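J.: FYI, the numbering for the sequence shown is 1 to 1206, going by full-length UniProt numbering.
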Amino acid sequence: MAGFVFSNKTDGNLSGNGDFSEGDQQRQKTISGFKTFKVQITFVSIIPFQSMLDAPNGVKSGNNEVLRALDTILQHFNAKRNCLLLRQSYFPNEIRNFMDLTGGILGCRGFHLSFQFVQGGLFFNLDVSTTTIIQPGPLVNFLMANQNVDNPFKIDWTKATGILKNLRIKLSHSNREHKVAGLSDRPCKELKFLLRLKGSHDQNDNVQTVELTVYDYFIRRRGIELSYSSNLPCINVGSQHRPQFIPIEKFAEPKGIEFWVVVNFSTGFDIRSSYTELAKLGAMKGMHIRPPAFVFEENPKHKKKPGSVRVDLMFEQIISKFCKDPPRFILCFLPTKFSALYGPWKKKCLVDFGIRHQCIAMNRVDEAYLANVILKMNARLGGINFMLSAEVSQTIPLVSKVPTLILGMDVRHAASARSDLPSVAAVVGSRQWPMISFYAASIRVQPPKTETIHSLFKPVSEGEDTGIIRELLMDFYASSGKRKPAQIIIFRQGLCESQFKQIINEVEEIIKACKFLDETWSPKFTLIIAQRRHHTKLFQPDSSENIPPGTVVDTKICHPLYNNNFYMCAHAARVGTSRPSHYFVLLDEIGFSSDDAQELVHCLCYVSQRCTSAIYEGQQLNEEVMNALYSNQTIFENDEENDDLDETQPNLDDTPTSPVNGAKHRLLIFKPKPKTGKIESEFADRVSDSATDQICKLSYEEVAVGAIRDALKALRKRHLVEEGAHAPAFLALTRPLVLQGSEWKEKAENLEVELQQCYKAQARLSDQLVVEVAESRASKSLVQEKEAIITDLQNELNESRDECSRLTELLAEKTKALELIMGEHQDLKAQLEAMTLRANNAEAENKTLVDRWMLQKMQDAERLNEANALYEDMLDKVKATSIEKLARQQVDGVVRQSEDGADFYAESSLPSICKQRIPAHDGGCASILFEYNSSKLISGGQDRAIKMWDTTSGSLSNSLYGCLGSVLDLSITHDNKYIIAASSSNNLYVWDANSGRIRHTLTGHVDKVCAVDVSKFSSRYVVSAAYDRTIKIWDLQKGYCTNTIIFHSNCNSLSFSMDGLTICSGHVDGSLRLWDIQTGKLLSEVAAHSQAVTSVSLSRNGNVILTSGRDNLHNLFDIRTLEICGTFRANENRVASNWSRSCICPDDSYVAAGSVDGSVHIWSVANAKMVSTLKEHTAPVLCCSWSGLGKPLATSDKSGIICIWS
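#1: Less than 8 Å separating the beta-carbons of T209 and K192?
#2: Would you be able to state if there are at least three C-beta pairs under 8 Å between the segment 958–977 and the segment 1008–1020?
#3: Could you say if the segment 1142–1149 and the segment 1185–1203 meet the contact criterion of at least three C-beta pairs nearer than 8 Å?
#4: Based on the DSSP output, what are the partners of W1034 in its beta bridges?
#5: Short check: CB of G429 to CB of L456, under 8 Å?
#6: Please work out which residues of its chain come closer than 8 Å, Cβ to Cβ, to L183, disregarding the five sequence neighbours upstream and downstream, and give them in chain order.
#7: Can you tell me which of the three DSSP states Q897 falls into?
#8: Between K1175 and S1159, what straight-line distance do the alpha-carbon atoms span, to the nearest angstrom?
#9: Taking 8 Å as the cut-off, decide whether the C-beta atoms of T1107 and L1054 are in contact.
#10: Excluding sequence positions up to five away, which residues of its chain have a Cβ less than 7 Å from the Cβ of Y1027?
#11: Please report the straight-line C-alpha distance between D851 and M858, rounded to a whole angstrom.
#12: Could you give the distance in angstroms between the alpha-carbon of R222 and the alpha-carbon of C188?
#13: Could you tell me the alpha carbon to alpha carbon distance between residue 1207 and L820, rounded to whole angstroms?
#14: With a 10 Å radius around its C-beta and 16 neighbouring C-beta atoms as the bar for buried, classify H1048 as buried or exposed.
#15: Identify whether C359 lies in helix, strand or coil by the three-state DSSP scheme.
#16: So does the segment 955–972 actually touch the segment 1192–1204, counting three or more Cβ pairs closer than 8 Å?
#17: In three-state terms, what does DSSP make of N546?
#18: So, helix, strand or coil for G1154, using DSSP?
#19: With three or more beta-carbon pairs closer than 8 Å as the criterion, would you say the segment 441–460 touches the segment 399–406?
#20: For E573 versus A614, is the C-beta distance shorter than 8 Å?
#21: Please state if the CB of V553 and the CB of Y567 are separated by a distance shorter than 8 Å.
#22: Could you tell me which residues DSSP puts in a beta bridge with T404?
#23: Between the segment 328–345 and the segment 353–367, do at least 3 Cβ pairs fall closer than 8 Å?
#24: For T10 and R186, I'd like the C-alpha separation in whole angstroms.
#25: Could you check the C-alpha separation between N986 and H1005 for me, to the nearest Å?
#26: Between the alpha carbons of E931 and T1121, how many angstroms are there, rounded?
#27: Out of C1041, I557, A1025 and Y978, which has the shortest C-alpha to C-alpha gap to S535?
#28: Among R109, L113, N97 and E94, which residue has its Cα nearest to the Cα of L70?
#29: Between which two residues does the beta strand (DSSP E) containing I1201 stretch?
#30: According to the Cβ coordinates, are V967 and I980 closer than 8 Å?
#31: According to the Cβ coordinates, are G940 and G924 closer than 8 Å?
#32: How would you call P541, buried or exposed, if buried means at least 16 neighbouring beta carbons within 10 angstroms?
#33: Please classify K765: does DSSP put it in a helix, a strand, or coil?
#34: Since I believe Q916 is in contact with residue 1213 (beta carbons under 8 Å), could you give me their beta-carbon distance rounded to a whole number of angstroms?
#35: Can the beta-carbon of W1163 be found less than 8 Å from the beta-carbon of T1094?
#36: Per DSSP, which one or two residues make a beta bridge with T213?
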């Protein structure tokens, strides 16, 4: 997806009474000014397709015309498929065919297609083809990506002029395409031109002109706001002779907040750091947030008051501060997410004043939370956070080609306990076709628990309709270039299968609304039902993971009665919570195929402005559900606020509030009883003037339903009152009649005494029963425990029996085995006796042989002593000869240039003075080395450049570019022909040192490459090491890897042996290892350091290896035995990084290493003592290199400075 930010424009919308505005009338005149052309088609010739049959017998003259005709048909076919045509190459406009090449450039994959006549006849030639295009999107975003800057004021406009030359762009305010001719030499606010005044002529009938700047023209004449492009150059979309300048901002307009306030209900938190961080995040995402106009803090004394009272007191502060000019936006900080202030605050902002606002829970504030808040704020202010590349390229099936209105509908009911509250119906419609990321919403109230939407078509007179569909149709017409939708796609949610027939009535209402606007207008309809309340879940086979996002199932498990229904899971969810949506296509007049319908639904799941990824259903469905639920909870279900409403008949206000995502919303608003002062009334009138223009009264049916509900309540209250009034009469009737006479009185007394005795007996029995019941329960629990114990014992008994049976069988097997072993023992005993006898005989024979052997050895020893004496005489002669030869070769310790060994020797001097101090690289220089037998220095750094320096003058002689990452190590072939660099981009780059061009880019490593070396025996082979635990051997002639060595520890540095057959590598685990280049096997290893090895350097004669480690030691090893020849250390010497390189001079006399404090220490190899400390660097020294000529010494540090020492 490509991200865009557009401002919300009111031009082009219809006025409140349905008439065209002034801007609409002007555009209507422009559209009607089209010209009519007559086209005449002339017959030219007939294509000789018969010549194709004669092609095998020889190429005919007409074959070229046939080939051109076939290629033309092929081009026409691919053009209908919306392919990019480039000669005979075709590039399909699909996302999977594009790849990001960075710098705002996209690579495009396609095919080369052509027909050819060959000896075998007519053949079709198919080949792959690639090209590059500029990534579509805002022009400023492309320039920032191309130059790798983070804001427009850092753009190098000199470079931008060459990049933008002849580039085709589209203007956001006119939607027209132009070709860029260049940039202006002055900024927008200083660039002036002559504007002709229409209808104004002087005495000579000449048109009068006025001089204006481009900035003033767009601000004053066109009414277009420019926020940041006043100091930037303008784009020339005309020609050099007749320029036409457009501000750079008209290609991308980020939303901003200028006049806003902060309200703080959470006094225990520091909100200033929160909204400051919010402003920084907004600036990073292109949203300019100025400091708040005022910060309102709640009085701590009001914390214990009800939520509605606290909100009223806060608004009294706001009204007193901004009584004349209310704020455009309010940022409210609440203590928690589920605060009692949330409902009253939402109702106060939305219903009473209509102010745009955003709430933040302080207990959840972090960077991710604030980034999500930025998305919501930008959407509520009319910006667009995300936009599909498919809608920009107009490749959505059947929607991008024909004007199409997409509707989403749903009804939300109150909670089951609040059956007296009305239901809320919401409809969302798309706008600004061919875009699908822009939409408008309309909401209506209807009787409780009613699923069918009643307000789609509501004619109140012969020519007036107040229904929802008319509003959305007029908005689509005004925002889509005066186009009527030829297709209407309806998404309906919240219906079960038994309610599918009800939706037909809603479709008929929509058709009536269309016919009411235009009798001749008959758009095509497609009806899609979305269900989420089902129990079907999809899983991957043989895996517990969720299905991948975008999975579609349209066979086997779908509904059998509906041909086109499918399950789609477009979103990614937690494991086990992923549930697909079930879509039913009930009506399809447009003619969607199954794949096209699924592609459309999948696209709609990606245009949500609240989420950076796909959601579980289309944005239209999700948005209308949010609107309905939000209105129901905020307005109707807030009992605390409803106490202030009129109980007999509430006033409903059906007026548009602040746009969301550049669209109109309609909310039902209760108007409370007037209880505020004059200032507050004026404030409310100014904030919500549009909210009091139109009053939508309840229909007669709704009034009747309310009256019946009130009558039922009154009857219920009356019944309770009458029941209390007649209670004494009911009690009197239940009392026994008082009979005359003492007989009845005596009987009554006797019966009363008996009754008392019965009560006493009943009480005793009850107590006894309670005791017995308690004992019975205790016995029952005891029996249950005993039964459980018996069950456990029975199980243990069964297990013991099974164990006993198993042991019995095992004993029988062991007995049999013992009998077999006893038999074998007897046999072995007999064999032992026989062997003992034979051994005695052999011992006697052996004694005889030993005597004879000792005699023979004595004779051999005498002969060996004679040979040793002869060998010692010969060895003395050889030593004498070698000493004589060595004496002839050396004169005062220097090898003669004409004798053997001259190639490996160069006299080195001890450096002490910094001859040159070169600022070589930005961000640090990690690697330097000298050319073979030359004083020319090569360096590489974090600025991705390779530079070659003349150490005598300190001047730059050449620069090599093309590396895509920081340079970590360098190497050069012994003939100084090729330079190889190891990069953090996981690649190796090979340059031709003479031409400066890249010859190879060696890919294969999956992590940063930190070491590289070239064979000193042959310039053909290169070895490299990366942080993917591999060492790779490369063939430079073939350009690919020939062998890979895998090991458990990452390698920081490596070097070839002099014969080119062995690789020496230093690793993070502190070991020095030797590898065979042919087989890749480990030859030997030694623990060189207690911490990671940072450098491995081979002496010029190839006899010793110098290693450095993070334990701040520098060791010298004999390559043949891997024994330490010397150790160099200093208290002030500390290794700077894992890739700090030390070096040994060509004559093996000195060792040089850098330190963290910027000093360079030099030791003598003869006595392992430090002989010099060089201090010139101010940053940690990363690399040291000694010229093969013996001098000079070069060092580099983390700040990119190179010092040449002599």
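For every residue, glycine included, the Cβ atom is placed at its ideal position computed from N, Cα and C.
Everything numeric in this text was worked out from a predicted model, so none of it was measured.
T.: With the given structure in hand:
#1: The residue given as residue 209 occupies position 209 in the sequence shown. The residue given as residue 192 occupies position 192 in the sequence shown. Result no, Cβ atoms of T209 and K192 do not sit closer than 8 Å.
#2: yes
#3: yes
#4: For this step, residue 1034 is matched to residue 1034 along the sequence shown. Looking at the DSSP assignment, W1034 forms a beta bridge with V1022 and C1041.
#5: Stepping through the sequence shown from its first residue, residue 429 is reached at position 429. Stepping through the sequence shown from its first residue, residue 456 is reached at position 456. No, the Cβ-Cβ distance between G429 and L456 is not below 8 Å.
#6: Looking up residue 183 in the sequence shown gives position 183. So the qualifying residues of the chain are W157, A160, T161, L164, P233, C234, I235 and N236.
#7: Working through the sequence shown from its first residue, we reach residue 897 at position 897. Because the pLDDT at Q897 is just 40, under 50, the model does not fix this residue reliably, and the point stays unresolved.
#8: The residue given as residue 1175 occupies position 1175 in the sequence shown. The residue given as residue 1159 occupies position 1159 in the sequence shown. Using only the alpha carbons, I get a separation of about 5 Å.
#9: For the purposes of this step, residue 1107 is identified with residue 1107 of the sequence shown, where counting begins at 1. For the purposes of this step, residue 1054 is identified with residue 1054 of the sequence shown, where counting begins at 1. In this structure, L1054 does not lie closer than 8 Å to T1107 by Cβ.
#10: By 1-based counting over the sequence shown, the position of residue 1027 is 1027. So the list reads D1007, K1008, C1010 and N1050, once near-sequence residues are dropped.
#11: Looking up residue 851 in the sequence shown gives position 851. Looking up residue 858 in the sequence shown gives position 858. Cα to Cα, D851 sits roughly 11 Å from M858.
#12: Looking up residue 222 in the sequence shown gives position 222. Looking up residue 188 in the sequence shown gives position 188. Computed Cα separation, rounded: 15 Å.
#13: The structure shown has nothing for residue 1207, since the chain only spans 1 to 1206.
#14: Walking along the sequence shown from the start, residue 1048 turns up at place 1048. It is exposed - the Cβ of H1048 has fewer than 16 other Cβ atoms within 10 Å.
#15: By 1-based counting over the sequence shown, the position of residue 359 is 359. In the structure shown, C359 falls within a strand segment according to DSSP collapsed to helix, strand and coil.
#16: no
#17: Within the sequence shown, residue 546 is the residue found at index 546, counting from 1. N546 falls in the strand class under three-state DSSP.
#18: Your numbering for residue 1154 matches position 1154 in the sequence shown. Residue state, collapsed to three classes: strand.
#19: no
#20: Counting from one through the sequence shown, the residue named residue 573 turns up at place 573. Counting from one through the sequence shown, the residue named residue 614 turns up at place 614. Per the sequence presented here, residue 573 reads as Ala, with Glu not at that position. Not closer than 8 Å, so no.
#21: In the sequence shown, residue 567 corresponds to position 567, counting from 1. In the sequence shown, residue 553 corresponds to position 553, counting from 1. At a Cβ-Cβ threshold of 8 Å, Y567 and V553 count as neighbours.
#22: Translated into positions along the sequence shown, residue 404 becomes position 404. Q487.
#23: yes
#24: Reading the sequence shown from its first residue, position 10 is the one you call residue 10. Reading the sequence shown from its first residue, position 186 is the one you call residue 186. Any reading at T10 must be qualified, since the residue scores a pLDDT of 32, below 50, and its modelled position is unreliable; the value itself is stated next. In a straight line, the C-alpha of T10 is about 31 Å away from that of R186.
#25: As a position in the sequence shown, residue 986 is number 986, starting the count at 1. As a position in the sequence shown, residue 1005 is number 1005, starting the count at 1. When rounded, the distance between both Cα atoms is 6 Å.
#26: The count along the sequence shown starts at 1 and reaches residue 931 at position 931. The count along the sequence shown starts at 1 and reaches residue 1121 at position 1121. Taking the straight line from one Cα to the other gives about 30 Å.
#27: Indexing the sequence shown from 1 puts residue 535 at position 535. The sequence given here places His at residue 535; Ser does not occur at that position. Checked all of C1041, I557, A1025 and Y978; the closest Cα to H535 is I557.
#28: For this step, residue 70 is matched to residue 70 along the sequence shown. Of R109, L113, N97 and E94, the residue nearest in Cα terms is L113.
#29: Residue numbering aside, residue 1201 sits at position 1201 when the sequence shown is read from its first letter. Start and end: I1201 to W1205.
#30: Here residue 967 corresponds to residue number 967 of the sequence shown, with the count starting at 1. Here residue 980 corresponds to residue number 980 of the sequence shown, with the count starting at 1. No, the pair does not count as a contact, with Cβ atoms beyond the cut-off.
#31: In the sequence shown, counting from the first residue as 1, residue 940 sits at position 940. In the sequence shown, counting from the first residue as 1, residue 924 sits at position 924. Result no, Cβ atoms of G940 and G924 do not sit closer than 8 Å.
#32: Residue numbering aside, residue 541 sits at position 541 when the sequence shown is read from its first letter. Counting Cβ neighbours within 10 Å, P541 comes out exposed, since fewer than 16 surround it.
#33: If you number the sequence shown from 1, residue 765 lands on position 765. According to the sequence provided, residue 765 is Leu. The question's Lys does not apply to it. Assignment of L765 by DSSP, reduced to helix, strand and coil, places it in the helix class.
#34: Past the boundaries of the shown model lies residue 1213; the chain is included only from 1 to 1206, so the question cannot be answered.
#35: Numbered from 1 along the sequence shown, position 1163 holds the residue referred to as residue 1163. Numbered from 1 along the sequence shown, position 1094 holds the residue referred to as residue 1094. No, Cβ-Cβ distance for W1163 and T1094 is not below 8 Å.
#36: Here residue 213 corresponds to residue number 213 of the sequence shown, with the count starting at 1. Its beta-bridge partners are K192.
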